[in-house]
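The structure appears below as structure tokens.
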Amino acid sequence: MRQDELKKLDNEIGQYAADQTKIIWVDDQTMQIATMMIDSYGDTVYVWVKEDEDHCRVSDGGRILFKLDPNQEDMELYETAADIALGSGYQFDEDHCEIYVDVDRKNVAQAAMKLAQLQVAISYLG
Numbered sequence: 000m001r002q003d004e005l006k007k008l009d010n011e012i013g014q015y016a017a018d019q020t021k022i023i024w025v026d027d028q029t030m031q032i033a034t035m036m037i038d039s040y041g042d043t044v045y046v047w048v049k050e051d052e053d054h055c056r057v058s059d060g061g062r063i064l065f066k067l068d069p070n071q072e073d074m075e076l077y078e079t080a081a082d083i084a085l086g087s088g089y090q091f092d093e094d095h096c097e098i099y100v101d102v103d104r105k106n107v108a109q110a111a112m113k114l115a116q117l118q119v120a121i122s123y124l125g
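Residue 123 in numbering that gives the first Met the number 0 sits at position 124 of the sequence shown; the count goes up by one each step and never skips.
Following this line, the structure appears as structure tokens:
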């Protein structure tokens, strides 16, 4: 491919990703992002972004592990998911089984898409 064809394809890929990603405000501080990612159950992967004074929290809201094990019976699953999250640069809240990271506003898009990818990977543990 020539350089101009690569540039056009790059723009088309970016536009496709933008068209497939839907964002709504849940409340005054929180956005819900329906990503273009699909988990092992065939469901859309969601990410939540909560704005704070000096950062944003990008989170799965505890939903991926709830989906895999709603009764919290498989402790090995939770330990493995926590290890994967921590190894990927995210935090894991054991009380709420939430995977999250606090980032500057300029890094929200990257953190959200990486968290969506992480959720897809974790979904295959179940």
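Every residue gets a Cβ at the ideal spot worked out from N, C-alpha and C, and that includes glycine.
Residue i, enclosing beta strand (DSSP E) - first and last residue
i       : result
Lys-105 : From DSSP, Lys-105 is part of no beta strand (DSSP E); its letter is neither H nor E.
Exposure label - residue i; buried when at least 16 CB within 10 Å
i      : result
Glu-97 : buried
Leu-8  : exposed
Val-25 : exposed
Met-74 : exposed
Ile-37 : exposed
Gln-16 : It is worth fixing the name first, because residue 16 is Ala in this sequence and not Gln. Looking at its Cβ environment, which holds fewer than 16 other Cβ atoms inside 10 Å, Ala-16 is exposed.
Arg-1  : exposed
Leu-5  : exposed
Three-way DSSP call (helix, strand, coil) for residue i in this model
i       : result
Ser-122 : helix
Arg-1   : coil
Thr-43  : strand
Gln-90  : strand
Gln-71  : coil
Thr-20  : coil
Gln-28  : coil
Glu-97  : strand
Glu-11  : helix
Glu-50  : strand
Whole-number beta carbon distance between residue j and residue i, since they are thought to touch under 8 Å
i      : j      : result
Val-44 : Tyr-99 : The pair is not a contact, with the Cβ atoms about 15 Å apart (cut-off 8 Å).
Leu-76 : Gly-41 : With a Cβ gap of about 20 Å, Leu-76 and Gly-41 do not count as contacting.
Worksheet item: Does the region 104–121 touch the region 69–85, meaning 3 or more C-beta pairs lie closer than 8 Å?
Response: yes
Worksheet item: When the Cβ atoms of the region 68–79 are set against those of the region 102–112, are three or more pairs found closer than 8 Å?
Response: no
Worksheet entry | Validate contact between the region 87–94 and the region 27–35 using beta carbons, cut 8 Å, 3 pairs | no
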